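Asker: Shown below is the structure under consideration.
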Amino acid sequence: MELQNKSESGNMVSQKIKDLLKKEFFLNVLLIILPVLFLLYRLYKFLISGPNVFPDSKDYLAYAGEILKGNFVSPDAKRTPGYPFLIALSYLLFGNRPDSVVWLQIITGLLSQYILIKLLKALRFSTGMILAILLIYL
Numbered sequence: 000m001e002l003q004n005k006s007e008s009g010n011m012v013s014q015k016i017k018d019l020l021k022k023e024f025f026l027n028v029l030l031i032i033l034p035v036l037f038l039l040y041r042l043y044k045f046l047i048s049g050p051n052v053f054p055d056s057k058d059y060l061a062y063a064g065e066i067l068k069g070n071f072v073s074p075d076a077k078r079t080p081g082y083p084f085l086i087a088l089s090y091l092l093f094g095n096r097p098d099s100v101v102w103l104q105i106i107t108g109l110l111s112q113y114i115l116i117k118l119l120k121a122l123r124f125s126t127g128m129i130l131a132i133l134l135i136y137l
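137 is the number that my numbering gives the last residue of the sequence shown; the numbers go up by one with no jumps.
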């Protein structure tokens, strides 16, 4: 009788381990799929509607132009230089093309997702928590 209980308890533990492994595998697959879906969504939006131009876009573009001229002070003193530097880098690498900025943004977004996932794994977050955070991030 005691041997049978140990056997049943061992089977229950091994089944729980198998279930956990299946769940972890599924969550890890989602960690790969979510960034890919992000990429596909961004590509779809870009290909359908082209680069989005927002009301403050001209300010960022003007600041990027000033950076390319060597003037690193914002023309209107309202902007920090981070994003205009990214635009200026895009223009240096690919020419004055708005689509190059969009591509650089997509790549930067994917890279930041990868870094976020690596950081959360290093901090020992569970895969489920990482997915929840990634969904909020997207």
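Cβ coordinates follow ideal geometry from the N, Cα and C atoms, glycine included.
Note that the structure is predicted; figures quoted are calculated from it, not measured.
Is the beta carbon of Q112 less than 8 Å from the beta carbon of P34?
Answerer: Yes, the Cβ-Cβ distance between Q112 and P34 is below 8 Å.
Asker: First and last residue of the alpha helix (DSSP H) that includes V101?
Answerer: Unbroken alpha helix (DSSP H) run through V101: 97 to 121.
Asker: Express the C-alpha separation of Q104 and F53 in angstroms, rounding to a whole number.
Answerer: If you take the alpha carbons of F53 and Q104, they lie about 15 Å apart.
Asker: Run through DSSP, which three-state label would L2 get?
Answerer: With a pLDDT of 48 at L2, under the threshold of 50, the modelled position of that residue is not reliable, and the figure given next carries that caveat. Note: L2 maps to helix in three-state DSSP.
Asker: With distances taken Cα to Cα, identify the nearest neighbour of S73 among E23, Y62, Y82.
Answerer: Out of E23, Y62, Y82, Y62 has the C-alpha closest to the C-alpha of S73.
Asker: Apart from the five residues just before and just after D55, which ones in its own chain have a Cβ nearer than 7 Å to its Cβ?
Answerer: No residues qualify anywhere along the chain.
Asker: Look up P34 in the DSSP assignment and say whether it is helix, strand or coil.
Answerer: Looking at P34 - three-state DSSP - the assignment turns out to be helix.
Asker: Could you check which residue in Y90, S125, I129, G127 has the C-alpha nearest to that of E65?
Answerer: Comparing Cα-Cα distances from E65 to each of Y90, S125, I129, G127, the minimum goes to Y90.
Asker: Please state whether DSSP places I83 in a helix, a strand or coil.
Answerer: A small correction: the amino acid at residue 83 is Pro; Ile does not occupy that position in the sequence shown. Here P83 sits in helix by DSSP.
Asker: Specify the secondary structure class of D58 as computed by DSSP and reduced to three states.
Answerer: Residue state, collapsed to three classes: helix.
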